[in-house]
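Visitor: Pasting a structure here, questions to come.
2 protein chains.
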Amino acid sequence: MNNVFYNQTLGILGGGQLARMLSLAAANLGIKTHIFCPETDSPAFDVSASHIVAEYSDIQSLQLFASKVDVVTFEFENVPTATLEHLHSMHVYPCAKALAITQDRMVEKTFMAGLELETAPFAQISTVSDLQKALETIGTPSILKTRRMGYDGKGQAKILSKSEASSAFASIGEQPAILEGFIKFQREISVIVARNRDGETTTYDVCENDHRDHILFRTTVPACIASDTATKAQAAALKIIEALDYVGVMAVEMFVVNEGKNERLVMNEIAPRVHNSGHWTIEGAKTSQFEQHLRCVMGLPLGSTRARGIIEMNNLLGEDMHRLPELVAMPDAYLHIYGKKHAVKGRKMGHVTFVK
Amino acid sequence: MNNVFYNQTLGILGGGQLARMLSLAAANLGIKTHIFCPETDSPAFDVSASHIVAEYSDIQSLQLFASKVDVVTFEFENVPTATLEHLHSMHVYPCAKALAITQDRMVEKTFMAGLELETAPFAQISTVSDLQKALETIGTPSILKTRRMGYDGKGQAKILSKSEASSAFASIGEQPAILEGFIKFQREISVIVARNRDGETTTYDVCENDHRDHILFRTTVPACIASDTATKAQAAALKIIEALDYVGVMAVEMFVVNEGKNERLVMNEIAPRVHNSGHWTIEGAKTSQFEQHLRCVMGLPLGSTRARGIIEMNNLLGEDMHRLPELVAMPDAYLHIYGKKHAVKGRKMGHVTFVK
Chain H
23 MNNVFYNQTL GILGGGQLAR MLSLAAANLG IKTHIFCPET DSPAFDVSAS HIVAEYSDIQ
83 SLQLFASKVD VVTFEFENVP TATLEHLHSM HVYPCAKALA ITQDRMVEKT FMAGLELETA
143 PFAQISTVSD LQKALETIGT PSILKTRRMG YDGKGQAKIL SKSEASSAFA SIGEQPAILE
203 GFIKFQREIS VIVARNRDGE TTTYDVCEND HRDHILFRTT VPACIASDTA TKAQAAALKI
263 IEALDYVGVM AVEMFVVNEG KNERLVMNEI APRVHNSGHW TIEGAKTSQF EQHLRCVMGL
323 PLGSTRARGI IEMNNLLGED MHRLPELVAM PDAYLHIYGK KHAVKGRKMG HVTFVK
Chain W
23 MNNVFYNQTL GILGGGQLAR MLSLAAANLG IKTHIFCPET DSPAFDVSAS HIVAEYSDIQ
83 SLQLFASKVD VVTFEFENVP TATLEHLHSM HVYPCAKALA ITQDRMVEKT FMAGLELETA
143 PFAQISTVSD LQKALETIGT PSILKTRRMG YDGKGQAKIL SKSEASSAFA SIGEQPAILE
203 GFIKFQREIS VIVARNRDGE TTTYDVCEND HRDHILFRTT VPACIASDTA TKAQAAALKI
263 IEALDYVGVM AVEMFVVNEG KNERLVMNEI APRVHNSGHW TIEGAKTSQF EQHLRCVMGL
323 PLGSTRARGI IEMNNLLGED MHRLPELVAM PDAYLHIYGK KHAVKGRKMG HVTFVK
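Line by line, the protein sequences are chains H and W.
For the first sequence, my numbering gives the first residue as 23, with consecutive numbering after it.
For the second sequence, my numbering gives the first residue as 23, with consecutive numbering after it.
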């Protein structure tokens, strides 16, 4: 164990709200944060000891960054592989292997299927002809997704009939893609799971998630599922984190499919980082996902994931900011505003958690 | 109410752990902090948007500071009056009146007695002869305290017999002083009380405090006192905060004196700021004292003070830092390390809260 964790410095690639909340959790443990990020005025800058504004490809800046920190982590999964290679002599967590798998939807789905976890039927797409062939077996409705760099519904096209193949492929820029069969699910859940440098693991209570316009709208905990479904979901997340040899917190998103009285789990995707569906843990669990991630990457024992009540978390987008006067006056509301300058429609500006 | 509180900047005079925890609470509300403080490497710098290192008498730096913030507050009661005068055109909370009263123990005790709240018997001391006279009426044991600038037992001398008058007065540097009769108390308590810009008030559950070597060692909540004693303690704190026309969070320290079955309250002192005995509120109450103070000074409604369990808070001094590996592994412990470089004996390095 790391006995002298306090006064160490954690370097974070990325300066958005996740890096901001990591920095706030770090402060409680006496750990300083140093942010590396291309955007000026990033939300994490206001609560970190120092920052560098530079591109992820800027080797000199990366070296300067590395010289000032004890451990490196990141807040987003699309860290360029070359960036990580330049930091290879550092303690970087999570590891490059986990990133390589989760950055590519095709590799990710293949990996999960290899662990004998159920996924939607999927096929690799490089050409329109691949897509036409895959539509024969997978059928419609189905979803065409770019293999890389998609998030919050970006880089996706829903296909309702086979005739849409070429227009759908064009709409995602004819990039390397994956076709996924459409799952008729009852609900979406996620499991926040953690593994530290000693290989200890833990999960939080299963989260139930509602999305609107492809953006997380609401998380409720506990999820309204059978207890053995919850146990299976947690076991699947643990299987994945162990197989990745992962260090840190990650989220596994799943679908719950009802078949009569039974609930079946279908894996959707892995987010190799702290996750929006885990924001409720700040007040809703003994140890927040942010502190847990720090504990993992800094070489500390895991914290308790015990829930502190029945929880609902709502995202606050640009168009929700008029609700602040009402929310700040509500006795049960824990407000989190990320310090972004401009309240743009669809932009995540903050969140609010209710604990009962 | 302040509808556009987020993205405003709060200026804080002082950069210690209280300013640090105020900054962390500010971040949750999307409020930036700007720290003014003479010491380099201050704990609050690591979690604030910006800072100025300058003396409190440096008028130019104060003007620069004032130009960058929307509201000014402070983390310590000994802010020089001249400093506040230079900020007179700003929103400064708490107000100068409250500071003027609480900076001088003689004025403070006279003020509380004027509110018909019981205090220890006291007398104003300017000369050894004053002290000799006062010892005739107040008797021994008694405590001689400088009127100004004392904290954590500094500037105090216990007097056990009248013959010690001149040595005691010499030991506090022959400064203007107050002699206080010694109270045989059963326990020490404090009430954290808040009043916002609209005059709304609230208190937290009464805290019970153990001191060792004049430094707070442990706070437990709820205090082990009769419920009507708790109600009276809260009423006294509310009476004081109203009479001061105070905006912000403050602590009122009191003694509980047992007389047979009855508990009597004796006021000790007022701390016009967030207070060490309120650190438990971070995880132990719905709204922390730090967020509450921000709500008060930024023009927001008060937050709920509801307790979230049975709570114990322990200070961690320099000599306690070897306990960190044990504490970081305890499932019920919420750890707070202040980021101070050197673990000096008696120095407040952090605290740990247990919620059951």
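Glycine included, every Cβ here is placed at the ideal spot set by N, Cα and C.
Nothing here was measured: the structure is a model prediction, and the numbers come from that model.
1. Of all Cβ atoms in chain W, is any one closer than 8 angstroms to the Cβ of residue 68 of chain H?
2. Strictly under 8 angstroms for the Cβ-Cβ distance: is residue 54 of chain W near chain H by that measure?
3. Just to confirm, are residue 295 of chain W and residue 320 of chain W a CB contact at a threshold of 8 angstroms?
4. How close, in whole Å, do the beta carbons of residue 277 of chain W and residue 290 of chain W come, if the pair is a contact with beta carbons under 8 angstroms?
5. Could you check the C-alpha separation between residue 182 of chain H and residue 356 of chain W for me, to the nearest Å?
6. Can you tell me where the alpha helix (DSSP H) holding residue 6 of chain H begins and where it ends?
7. Please determine, among W/148, W/258, W/69, the residue with the shortest C-alpha to C-alpha distance to residue 52 of chain H.
8. Just to confirm, is the Cβ distance from residue 327 of chain H to residue 224 of chain H under 8 angstroms?
9. How do the region 119 to 133 of chain H and the region 252 to 271 of chain H stand: do at least 3 beta-carbon pairs fall below 8 angstroms, yes or no?
10. Could you give the distance in angstroms between the alpha-carbon of residue 439 of chain W and the alpha-carbon of residue 63 of chain H?
11. Give a yes or no on whether the minimum CB-CB distance between residue 308 of chain H and chain W is below 8 angstroms.
12. Given that residue 333 of chain H touches chain W, what residues does it touch there, using C-beta distances under 8 angstroms?
13. Based on the DSSP secondary-structure assignment, which residues constitute the bridge partners of residue 286 of chain W?
14. Spell out the partners DSSP gives residue 333 of chain W in its beta bridges.
15. Applying the criterion that 16 or more other CB atoms from any shown protein chain within 10 Å of the CB defines a buried residue, is residue 82 of chain W buried or exposed?
16. Rounded to whole angstroms, what is the Cα-Cα separation between residue 375 of chain H and residue 263 of chain W?
17. Could you confirm whether any beta carbon from chain H is found closer than 8 angstroms to the beta carbon of residue 57 of chain W?
18. Comparing the C-beta of residue 337 of chain H with each C-beta of chain W, is any distance below 8 angstroms?
19. From this set, W/249, W/46, W/34, which residue's C-alpha is nearest residue 310 of chain W's C-alpha?
20. According to a CB-to-CB cut-off of less than 9 angstroms, which residues of the region 120 to 135 of chain H neighbour chain W?
21. Would residue 194 of chain W count as contacting chain H if we go by Cβ distances under 8 angstroms?
22. Suppose the cutoff is 6 angstroms on Cβ atoms and the five residues either side in sequence are ignored; what does the same chain contact list for residue 168 of chain H look like?
23. Determine the closest residue to residue 222 of chain H out of H/368, H/26, H/325, with distance taken between C-alpha atoms.
24. Please indicate yes or no: does the CB of residue 109 of chain W lie closer than 7 angstroms to some heavy atom of the ligand NAP?
25. Output yes or no for whether 8 angstroms exceeds the beta carbon distance between residue 287 of chain W and residue 130 of chain W.
26. Do you know offhand how far residue 241 of chain W's Cα is from residue 215 of chain W's?
27. Which residues in chain H have a C-beta closer than 9 angstroms to the C-beta of residue 358 of chain W? List them in chain order.
28. Please classify residue 377 of chain W as buried or exposed, where buried requires at least 16 other C-beta atoms within 10 Å of its C-beta.
29. Whole-angstrom Cβ separation of residue 293 of chain H and residue 97 of chain H, contact assumed at under 8 angstroms?
30. Of all the options W/132, W/93, W/161, which has the alpha carbon lying nearest to the alpha carbon of residue 219 of chain W?
31. Throw me the rounded Cβ distance for the residue 35 of chain H and residue 48 of chain H pair, which I believe falls under 8 angstroms.
32. I'd like the ranges of any alpha helix (DSSP H) spanning at least 4 consecutive residues and lying wholly in the region 60 to 95 of chain H.
33. With a cut-off of 8 angstroms, does the C-beta of residue 349 of chain H fall near any C-beta of chain W?
34. For residue 22 of chain W and residue 163 of chain W, I'd like the C-alpha separation in whole angstroms.
35. From residue 230 of chain W to residue 256 of chain W, what does the alpha carbon distance come to, in whole angstroms?
Guide: In brief:
1. yes
2. yes
3. no
4. 6 angstroms
5. 51 angstroms
6. Missing from the structure shown is residue 6 of chain H; chain H here goes from 23 to 378 and no further.
7. W/69
8. yes
9. yes
10. In this structure chain W extends from 23 to 378, so residue 439 of chain W is not present and cannot be described.
11. yes
12. Those within 8 angstroms of residue 333 of chain H in chain W number zero; the least Cβ separation is about 13 angstroms.
13. W/279
14. W/243, W/377
15. exposed
16. 31 angstroms
17. no
18. no
19. W/46
20. none
21. no
22. 177, 194, 197, 199
23. H/325
24. No copy of the ligand NAP occurs in the structure displayed, which carries no ligand at all.
25. no
26. 16 angstroms
27. 49, 50, 51, 52
28. buried
29. 11 angstroms between Cβ atoms; not a contact.
30. W/93
31. So it is not a contact: roughly 15 angstroms between Cβ atoms.
32. 81 to 89
33. no
34. Limits of chain W in this structure are 23 at one end and 378 at the other, which puts residue 22 of chain W out of reach.
35. 13 angstroms
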